[in-house]
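Have a look at the structure below before the remarks.
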Amino acid sequence: MTYPDFIHHGGASGVTGSCHQLLADKNHSLLIDCGLFQGEDEAVDSFEQLQVQFDLSSIKALVVTHVHIDHIGRLPYLLAAGYTGPILCSRPSAHLLPLVIEDALRIGFTKDERLISRFQQQVQQQLIPLDYKSWHTLVDTPELCLRIKLHRAGHILGSCYVEVALNARQQNHKERIIFSGDLGAPWSPLLPAPQSPYKADRLILESTYGDRLHGSRRDRVKQLQQAIERALGNGGTVMIPAFSIGRTQELLYELEGLVHSAGGLWKDLEIIVDSPLAARFTQVYRQLKPYWDAEAQRRLQAGRHPLNFDNLYTVSSHQEHQQTVDYLAKSGRPAVVIAASGMCAGGRIVNYLKAMLEDARHQVLFVGYQASGTPGRKIQKYGPQGGWVELDGQRYTIRAGVDTISGYSAHADQKDLLNFIKRMRHWPREIRLVHGQDNARKTLKQEIERLYARKNKSVEVLLP
């Protein structure tokens with residue numbers, strides 16, 4: 000085997016389950032993320048798929064690019080397999096990660112509170128928060144120096160891409176390796192846009208939207224307003240499935256802007272967050288205001304509260320949740336409900352869908368990626384045709400309106416991904432495309448090769 004080398008334990012040929020191992024030499028390696036498989040990426044024997052069966056002995060650190068479940072959901076299994084090394088992440092992620100792990104433990108690992116508490120304590124002991132743009136040395140021996148630096152990725156609060164400086168001293172061989180994690184789209188609410196590194200010899204690049212372009216932020220806010228006003232005109236509820244972290248807070252930010260400026264029916268419109276986890280994340284987001292972007296800082300200085308405004312209501316208990324579902328389903332009172340899960344694969348959004356999906360007054364509004372095989376993708380695909388979807392083992396005819404705002408993505412689109420490469424001073428000679436479905440990866444591969452050909456540069460684009 001020649002070094003450095005890579006092993007992809009997930010998130011290579013699919014969108015979820017991100018887990019990438021950089022082999023620096025036979026004794027030293029680095030693990031980037033350890034995520035959960037979802038949708039079509041999830042195997043029939045999902046328990047077997049969750050098991051961490053690869054060799055941990057050479058892993059000197061786990062680096063978490065961000066705290067979405069498809070990037071850290073297998074962390075409990077990694078710890079159970081015996082990993083005791085450092086868990087490195089940005090300082091904002093260090094605030095958010097324990098909440099995600101607690102939720103992941105309860106849903107997919109154990110209900111035993113004592114065991115959950117033990118895992119939480121272990122995570123806290125191993126967690127090492129890092130500042131952005133500061134080098135952190137992992138290995139420093141006569142044979143090898145291995146350092147990492149985190150850069151803002153603009154995907155969710157705390158997200159980063161990872162720059163690895165590898166120096167194989169005996170071979171006199173130096174490399175810069177970049178793991179993109181999930182890169183954000185420019186102009187995402189609350190988050191500064193990612194800036195490209197100076198150089199990369201090898202780039203491990205996400206490709207979720209490698210085959211498409213997003214609309215502009217102005218267009219998507221207008222689409223959001225129009226979609227909600229159209230549904231409210233029918234006297235119904237707008238149901239927005241959204242991830243508890245990232246998407247929910249972005250939506251609240253944009254909705255506060257509409258409440259502030261649009262007037263009319265928006266003035267008294269109830270905006271309901273029905274997700275205890277999302278509410279907790281939103282609270283942490285408020286505490287992390289120093290990491291917000293300049294636009295968000297200007298709103299704060301103007302006396303506005305983008306994540307805590309008057310029209311915003313939070314549902315906490317299960318009893319209150321059930322009462323809210325029943326009330327909105329029967330009354331037809333105009334409201335916007337944001338609830339997890341983002342792909343309708345569980346969580347409180349499912350109860351809203353079961354109660355309202357067969358009523359034409361209501362609307363389902365998708366603002367995020369729906370993985371193949373998830374209920375969200377099926378509603379998105381079959382809803383406009385008057386089809387059906389199975390929820391908790393029962394068929395529901397889709398009579399509610401179904402709308403999608405594709406530009407509302409926390410992921411970079413094809414243009415953004417190409418720009419991430421173009422804006423490097425020294426372009427990578429090898430690019431490995433991960434975290435994307437086949438068509439997205441193949442399309443992006445062609446576009447990258449065209450980009451290099453236009454500049455008379457050579458590149459090897461790999462599809463692991």
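Here the sequence shown is numbered in numbering that gives the first Met the number 0, starting from 0 and rising by one per residue.
Ideal Cβ placement from N, Cα and C applies to all residues, glycine included.
| Query | Result |
| --- | --- |
| Top-ranked residue by Cα proximity to glutamine 413, from Arg279, Pro185, Ser133 and His19 | Pro185 |
| Straight-line gap, glycine 382 to alanine 230 (C-alpha atoms, nearest Å) | 15 angstroms |
| Three CB pairs or more closer than 8 angstroms across the stretch 215-232 and the stretch 279-289 | no |
| Alpha-carbon to alpha-carbon, asparagine 418 and arginine 424 | 12 angstroms |
| Opposing strand residues paired with isoleucine 155 [DSSP bridges] | None; isoleucine 155 has no bridge partner. |
| Segments of 3+ residues assigned as beta strand (DSSP E) that fall wholly inside the stretch 4-47 | 4-9, 18-24 and 27-31 |
| Contact check, arginine 487 vs valine 366, beta carbons under 8 angstroms | As displayed, the chain neither begins before 0 nor continues past 463, which places residue 487 out of reach and without an answer. |
| Straight-line Cα distance separating leucine 462 from histidine 320 | 44 angstroms |
| Own chain residues within Cβ distance below 6 angstroms of aspartate 402, not counting five before or after | Ala226 and Leu364 |
| Limits of the alpha helix (DSSP H) - the one that glycine 400 falls within | No alpha helix (DSSP H) contains glycine 400, which is instead part of the beta strand (DSSP E) from 400-403. |
| Neighbourhood of valine 66 by C-beta distance below 6 angstroms, restricted to the same chain and skipping five residues each side | Ser92, Leu95, Leu96 and Val99 |
| Leucine 390 versus Gly345, Val161, Tyr368 and Arg422, residue with shortest Cα-Cα distance | Gly345 |
| Beta-bridge partners of lysine 173, as assigned by DSSP | Asn166 |
| Backbone secondary structure at tryptophan 265 - three-state DSSP | helix |
| Segment limits, beta strand (DSSP E) that includes arginine 431 | 429-433 |
| Which residues DSSP lists as bridging isoleucine 127, in chain order | Leu87 |
| Backbone CA spacing between leucine 254 and tyrosine 2 [nearest angstrom] | 49 angstroms |
| Reduced DSSP category for leucine 299 - H, G, I as helix; E, B as strand; rest coil | helix |
| One or two residues paired with leucine 61 in a DSSP bridge | Leu30 and Ile86 |
| contact_flag[the stretch 173-182, the stretch 190-204] where n(CB pairs < 8 angstroms) is 3 or more | yes |
| Residue range of the alpha helix (DSSP H) that includes leucine 417 | 413-421 |
| Beta-bridge pairing of leucine 145 - partner residues as DSSP gives them | Val138 and Leu165 |
| Per-residue DSSP class, three states only, for lysine 198 | strand |
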